[in-house]
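2 protein chains.
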Amino acid sequence: MLEADLLIITGGLGPTADDLTRQAAAEALGQPLVEDAGALRQIEQSFASRTRRMPAINRVQALRPQGAVILPNPHGTAPGLYVPPGAHACDIVCLPGPPREMQPMFEAEVVPRLRCPLDHIVRTRLIHTHGLGESAVASRLNELMERSRTPLVGTTASRTVVTCRIRYEGPASGLHGSTPDELVAATEGEVRQRLEPYIFGTGQCTLASAVLELLRAQQRTLAVVESCTGGLLGAMITEIPRASDVFSGGWITYSNEAKRGHIGVPAELFSTGGPGAVSEECAVAMARGGLDRAGTTDCLSITGIAGPGGGASSKPVGTVWIAHASRNGETVASGVRRLQFPGDRTSIREWSALTALGMLRLSLIGRDDLPLLGEVR
Amino acid sequence: MLEADLLIITGGLGPTADDLTRQAAAEALGQPLVEDAGALRQIEQSFASRTRRMPAINRVQALRPQGAVILPNPHGTAPGLYVPPGAHACDIVCLPGPPREMQPMFEAEVVPRLRCPLDHIVRTRLIHTHGLGESAVASRLNELMERSRTPLVGTTASRTVVTCRIRYEGPASGLHGSTPDELVAATEGEVRQRLEPYIFGTGQCTLASAVLELLRAQQRTLAVVESCTGGLLGAMITEIPRASDVFSGGWITYSNEAKRGHIGVPAELFSTGGPGAVSEECAVAMARGGLDRAGTTDCLSITGIAGPGGGASSKPVGTVWIAHASRNGETVASGVRRLQFPGDRTSIREWSALTALGMLRLSLIGRDDLPLLGEVR
Numbered sequence: 001m002l003e004a005d006l007l008i009i010t011g012g013l014g015p016t017a018d019d020l021t022r023q024a025a026a027e028a029l030g031q032p033l034v035e036d037a038g039a040l041r042q043i044e045q046s047f048a049s050r051t052r053r054m055p056a057i058n059r060v061q062a063l064r065p066q067g068a069v070i071l072p073n074p075h076g077t078a079p080g081l082y083v084p085p086g087a088h089a090c091d092i093v094c095l096p097g098p099p100r101e102m103q104p105m106f107e108a109e110v111v112p113r114l115r116c117p118l119d120h121i122v123r124t125r126l127i128h129t130h131g132l133g134e135s136a137v138a139s140r141l142n143e144l145m146e147r148s149r150t151p152l153v154g155t156t157a158s159r160t161v162v163t164c165r166i167r168y169e170g171p172a173s174g175l176h177g178s179t180p181d182e183l184v185a186a187t188e189g190e191v192r193q194r195l196e197p198y199i200f201g202t203g204q205c206t207l208a209s210a211v212l213e214l215l216r217a218q219q220r221t222l223a224v225v226e227s228c229t230g231g232l233l234g235a236m237i238t239e240i241p242r243a244s245d246v247f248s249g250g251w252i253t254y255s256n257e258a259k260r261g262h263i264g265v266p267a268e269l270f271s272t273g274g275p276g277a278v279s280e281e282c283a284v285a286m287a288r289g290g291l292d293r294a295g296t297t298d299c300l301s302i303t304g305i306a307g308p309g310g311g312a313s314s315k316p317v318g319t320v321w322i323a324h325a326s327r328n329g330e331t332v333a334s335g336v337r338r339l340q341f342p343g344d345r346t347s348i349r350e351w352s353a354l355t356a357l358g359m360l361r362l363s364l365i366g367r368d369d370l371p372l373l374g375e376v377r
Numbered sequence: 378m379l380e381a382d383l384l385i386i387t388g389g390l391g392p393t394a395d396d397l398t399r400q401a402a403a404e405a406l407g408q409p410l411v412e413d414a415g416a417l418r419q420i421e422q423s424f425a426s427r428t429r430r431m432p433a434i435n436r437v438q439a440l441r442p443q444g445a446v447i448l449p450n451p452h453g454t455a456p457g458l459y460v461p462p463g464a465h466a467c468d469i470v471c472l473p474g475p476p477r478e479m480q481p482m483f484e485a486e487v488v489p490r491l492r493c494p495l496d497h498i499v500r501t502r503l504i505h506t507h508g509l510g511e512s513a514v515a516s517r518l519n520e521l522m523e524r525s526r527t528p529l530v531g532t533t534a535s536r537t538v539v540t541c542r543i544r545y546e547g548p549a550s551g552l553h554g555s556t557p558d559e560l561v562a563a564t565e566g567e568v569r570q571r572l573e574p575y576i577f578g579t580g581q582c583t584l585a586s587a588v589l590e591l592l593r594a595q596q597r598t599l600a601v602v603e604s605c606t607g608g609l610l611g612a613m614i615t616e617i618p619r620a621s622d623v624f625s626g627g628w629i630t631y632s633n634e635a636k637r638g639h640i641g642v643p644a645e646l647f648s649t650g651g652p653g654a655v656s657e658e659c660a661v662a663m664a665r666g667g668l669d670r671a672g673t674t675d676c677l678s679i680t681g682i683a684g685p686g687g688g689a690s691s692k693p694v695g696t697v698w699i700a701h702a703s704r705n706g707e708t709v710a711s712g713v714r715r716l717q718f719p720g721d722r723t724s725i726r727e728w729s730a731l732t733a734l735g736m737l738r739l740s741l742i743g744r745d746d747l748p749l750l751g752e753v754r
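In the order they appear, the protein sequences are chains A and B. Here the first sequence is numbered in my numbering, starting from 1 and rising by one per residue. Here the second sequence is numbered in my numbering, starting from 378 and rising by one per residue.
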């Protein structure tokens, strides 16, 4: 009846009465549920590591259809299930729903079990850019994106990052005398020629991890002063392990009083007729004030209007100023950009934090001259 | 051939050569692609609002299969498509892939077009809790979760928040003399009895928005001092519109030097033999130092080991101290909790920020006595 080679089910492996994947799988397979001693031990240990006793209700998570194999879950209590093909034609895999549990289990337990035709392989390579819009990236890639090409070249846009995906699918021996890896590398070379200097990394690299690497390599240190992003830039930076090597911390100066009191933005900027909190002057004062107090070599500041309220005709929602102050020996310099971002509060805040990282990156590679997506010049 | 009443396709509506949903839909429908003048105008305006000119490549986004209706996209350039049932039996909807564009379009354009049997309706109600694990919530709900019950009661866990979902599916006239709304309300009453005081809100409410509401109602103000979360708590708070009413800002004290310099944590805490940065003493000094400098009524601090490095046998990865300092008139008080969180760096940071909000919430409702999920007592 089933025509698929592989059936993946996610979710429904929790301990509560509405978690029915185990029961449904057993029923569909015509097998009884049996308790797996190893799985039970693992679940008990998972609670013990958090100094808790396993509630009785979680015992159900150690059940598996007879003939199924338990897939260990190092990130939660719900083990996965693998049912090798039997009377049914296909592999069946049941994975927990939460992404942070599901993804590692997929990598560790499912990928090695995939039965691919040995002669047909897929190779992908992700090349991440920041600063250009998706249309601009596509214009530069031009004929590389033709659908008849091998390897295929595609683009995806997520927030301000445009990723170029190179994908080879074909014989394991390659084509035209080149191996798959050689074909992908040759295409990557062409992509790089067209998109440098906007490329910040490949694969798992994020804009934050790329910037931290540059700072580390140049023995520089960073602080942040955030208004409309309210900590989001700091959160993106500290999401990366070992951020503490180069990141000292910063200030969330959400109110004008905090801008004045914590980092010394002059009070007259906020008085009637002054430029206000969302201005070039305020952004620069925030970055310089932060640099001064943190004692780092670099400081980024962000001030803007994330909405939905607070916009005006001269400063509509999405208006953001980002400044970068840097110290080289005795000299302190600063750069500042005005940006106009689309979308809702969440988007404007994410674009702001990512664009601050992109601005710092351009400075660290000596390309302060390049405009950034969303910039108003 | 198709047995579905509705086909929803997401993604592939971008401007580049690998965005093929429009072409594929036209081909499947046997219709030519035509340019929609209204859609073209909207796309041009979307760029104009960001002070950019529409790149030529984006013109393709104004194409639609003949007979299809354009669905406007207020959050991006890609309009959606709606194809009413014709020779094919089902409604076809094409939506853009990015969630922030897709979700509002689904709400505004797809939901009103759903053709449901008039006599069969679904009513759902989400009730969010913080502080209990999913197993503990399920134990309290007990027989309410039986699968034969109407309305159904289920639970989902996302990070530290456990949501109880009440779902009525049945005749629009209700059952046993009660309307669907009455049945849902009666079940909600039972759920509330069993889960109060852990319930912080319903529907779209988040832990951050609930805490901001409590602060606003009690005319209190908040500052934060973050170490291992690096700004994530501030980011969660400022994600909520009008956070500025009650949130003044704070400090990202990632390095020990920042803890000492910016908010006056005593240097001796960090010296050899001292309790160190991840300790009750440091968490309390951070919260009190922040309260003092911010001049707010409340201050939350977080210090912990998010990993993957930095753990020790006495302070394993996942060890987090959270403190809350509060001012009532002349009196300053502080509470502090030790937590042990599971999972990777991302999880530990998210759990930490959410648990800080949950701790503040318990204090604001006068239930400081209740333990929190992950707490070590």
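Glycine is no exception: its CB is placed at the ideal position from the N, C-alpha and C atoms.
Item	Value
What are the boundary residues of the beta strand (DSSP E) that includes residue 104/A?	Where residue 104/A is concerned, there is no enclosing beta strand (DSSP E), although the alpha helix (DSSP H) it sits in stretches over 99 to 105.
At what residue ranges does the segment 11 to 60 of chain A contain a whole run of the alpha helix (DSSP H), taking only runs of 4 or more?	21 to 29, 37 to 48
By DSSP, does residue 677/B sit in helix, in strand, or in coil?	strand
Shorter than 8 Å from the beta carbon of residue 395/B to some beta carbon of chain A?	yes
Determine which residues of the segment 337 to 359 of chain A have a Cβ less than 8 Å from any Cβ of chain B, and write them out in chain order.	340, 341, 342, 343, 344, 345, 346, 347, 349
Smallest Cα separation from residue 347/A: which of 324/A, 370/A, 305/A?	305/A
Is DSSP giving residue 240/A helix, strand or coil here?	coil
From 487/B, 449/B, 648/B, pick the residue whose C-alpha is nearest to that of residue 461/B; which is it?	487/B
With 8 Å as the threshold, decide whether the Cβ of residue 459/B is near any Cβ in chain A.	no
Alpha carbon to alpha carbon, how far is residue 675/B from residue 387/B? Give it in angstroms, no decimals.	44 Å
Quick check on residue 250/A - is its C-beta less than 8 Å from some C-beta in chain B?	yes
Quick one: Cα of residue 30/A to Cα of residue 59/A, how far?	22 Å
With DSSP run on the structure shown, which of helix, strand or coil describes residue 250/A?	strand
Using CA atoms only, rank isn't needed, just tell me which of 475/B, 741/B, 626/B, 719/B is closest to residue 704/B.	741/B
Indicate the three-state DSSP secondary structure (helix, strand or coil) for residue 498/B in the structure shown.	strand
What runs of the alpha helix (DSSP H), each 4 residues or longer, lie entirely inside the segment 508 to 559 of chain B?	511 to 518
Going by DSSP, name the residue or residues bridged to residue 224/A.	250/A, 300/A
Identify the residues that DSSP records as bridge partners of residue 94/A: which are they?	9/A, 81/A
Output needed in chain order: residues of the segment 59 to 79 of chain A with a Cβ under 8 Å from some Cβ in chain B.	75, 76
Have a look at the DSSP bridge pairing and note the partners of residue 201/A.	128/A
Looking at the unbroken alpha helix (DSSP H) that takes in residue 589/B, where does it start and where does it end?	584 to 594
Apart from the five residues just before and just after residue 119/A, which ones in its own chain have a Cβ nearer than 7 Å to its Cβ?	171, 172
Buried or exposed, going by whether 16 or more other CB atoms sit within 10 Å of the CB of residue 75/A?	buried
With DSSP as the reference, please indicate the residues paired to residue 696/B in a beta bridge.	717/B
Shortest alpha-carbon distance to residue 527/B belongs to which of 499/B, 516/B, 573/B?	499/B
Which first and last residues belong to the alpha helix (DSSP H) in which residue 446/B is found?	No alpha helix (DSSP H) holds residue 446/B; the beta strand (DSSP E) holding it covers 446 to 448.
Would you be able to state if there are at least three C-beta pairs under 8 Å between the segment 247 to 265 of chain A and the segment 330 to 343 of chain A?	no
Just by C-beta distance, which residues in the segment 29 to 52 of chain A are closer than 9 Å to chain B?	46, 49, 50, 51, 52
Applying a beta-carbon distance threshold of less than 8 Å, which residues of chain A neighbour residue 685/B?	241
Contact between the segment 568 to 587 of chain B and the segment 203 to 212 of chain A is defined here as three or more beta-carbon pairs at a separation below 8 Å; is this criterion met?	no
Got a sec: which bits of the segment 628 to 639 of chain B sit with their beta carbon under 9 Å from any beta carbon on chain A, in order along the chain?	628, 629, 630, 631, 632, 634, 635, 636, 638, 639
What three-state label does DSSP hand residue 747/B in the structure shown?	coil
At least one CB of chain A closer than 8 Å to the CB of residue 378/B: is that the case?	Low confidence applies here, because residue 378/B scores a pLDDT of 47, under 50, leaving its location unreliable; read the following figure in that light. Taking Cβ atoms only, chain A never reaches closer than 8 Å to residue 378/B, which makes this a no.
Can you name the start and end residues of the alpha helix (DSSP H) that residue 269/A belongs to?	Where residue 269/A is concerned, there is no enclosing alpha helix (DSSP H), given that its DSSP letter is neither H nor E.
Evaluate contact between the segment 212 to 226 of chain A and the segment 242 to 252 of chain A, counting only Cβ atoms and requiring at least three cross-stretch pairs below 8 Å.	yes
Would you mind reading off the limits of the alpha helix (DSSP H) that contains residue 741/B?	722 to 741
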